[in-house]
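Q:
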Amino acid sequence: MDHIDRKIIDILQQNARAPLKEIADRVFLSSPAVSARIARLEREGVLSSYQARIDAPKAGYTVKAFINLDMDPQRKPEFYPYIQGCPHVVECNCVTGDYSMLIEVLFRTTQELDQFINHLQQFGRTHTQIVFSTPVEHRGVPLEPPGEAGT
2 MDHIDRKIID ILQQNARAPL KEIADRVFLS SPAVSARIAR LEREGVLSSY QARIDAPKAG
62 YTVKAFINLD MDPQRKPEFY PYIQGCPHVV ECNCVTGDYS MLIEVLFRTT QELDQFINHL
122 QQFGRTHTQI VFSTPVEHRG VPLEPPGEAG T
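Residue numbers (this note's numbering): 2 to 152.
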């Protein structure tokens with residue numbers, strides 16, 4: 002992956018619907034050359050999907066929370082299918098530390114969140130943090146040349 006690939010990916014992370022011509026103009030290549038690079042990045046799995054970014058509160062999801070779950074590792078085969086089937090789970094990560102899972106969720110009400118936590122506790126002890134505000138929204142993956150560390 003060279004600097005042009007990284008620039009194309011950066012553009013697509015900002016706007017996955019950016020027209021090929023616009024991308025081509027910004028990286029100083031032809032549209033067919035950009036199209037070929039995007040196709041290669043997709044084949045290689047670097048570009049894995051394209052998604053619309055939703056403003057959760059405007060869609061009615063006003064409660065965002067992070068739930069830590071302390072779970073016995075032997076429960077993972079039963080937990081993973083359960084958590085993958087939960088539509089309000091935005092992301093679930095297996096982590097180090099006092100808890101084994103970090104789960105990001107979106108709900109319309111705190112009552113819905115409470116019900117979800119009650120179900121989740123069948124797998125272990127939970128600790129929940131409700132988000133008041135998000136000063137930095139999810140942003141794309143920072144792409145730096147190999148060997149460079151950013152700030």
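Built from N, CA and C at the ideal position, the CB exists for glycine as well.
Can at least three beta-carbon pairs, one atom from the segment 39-50 and one from the segment 69-77, be found at a separation below 8 Å?
A: No, they do not touch.
Q: I'd like to know if the segment 80-94 and the segment 128-135 are in contact, where contact means that at least 3 CB-CB pairs between them fall below 8 Å.
A: Touching, no, given that fewer than three Cβ pairs across the two stretches are closer than 8 Å.
Q: Mapping DSSP to helix, strand and coil, what is E45?
A: Of the three classes helix, strand and coil, the one that applies to E45 here is coil, per DSSP.
Q: Would you grab the beta carbon distance between R7 and V64 for me? Rounded to a whole angstrom, and I think it's under 8 Å.
A: The pair is not a contact, with the Cβ atoms about 36 Å apart (cut-off 8 Å).
Q: May I ask you to list the residues that DSSP assigns as paired with A66?
A: According to DSSP, A66 bridges with V106, I131.
Q: Just tell me which of D115, E92, T135, Q112 has its CA closest to the CA of V106.
A: For V106, the nearest C-alpha among the options comes from E92.
Q: Give a yes or no on contact between the segment 52-69 and the segment 21-32, applying the rule of three or more CB pairs nearer than 8 Å.
A: Counting Cβ pairs under 8 Å, fewer than three are found: no touch.
Q: My assumption, with CB atoms under 8 Å, is that L70 sits in contact with S101. Please give the rounded CB distance.
A: With a Cβ gap of about 6 Å, L70 and S101 count as contacting.
Q: Within a Cβ cutoff of 7 Å, which residues of the same chain sit near V28, ignoring the five residues on either side of it in sequence?
A: I5, K8, I9, V35.
Q: Distance check for G98 and Q52, CA to CA, integer angstroms please.
A: Rounded to the nearest angstrom, the two C-alpha atoms are 31 Å apart.
Q: H89 to I118, Cα distance in whole Å?
A: Rounded to whole angstroms, H89 to I118 spans 12 Å at the Cα level.
Q: Nearest to Q15 by alpha carbon, out of S31, R38, R54, S32?
A: When only C-alpha atoms are compared, the closest one is R54.
Q: How big is the Cα-Cα spacing for C95 and L103?
A: Approximately 6 Å, taken between the alpha carbons.
Q: Alpha carbon to alpha carbon, how far is S50 from A66?
A: Their backbone Cα atoms lie some 25 Å apart in a straight line.
Q: Here's the rule: buried if 16 or more other CB atoms are within 10 angstroms of the residue's CB, otherwise exposed. What is D124?
A: Looking at the sequence shown, residue 124 is not Asp but Phe. That one is buried.
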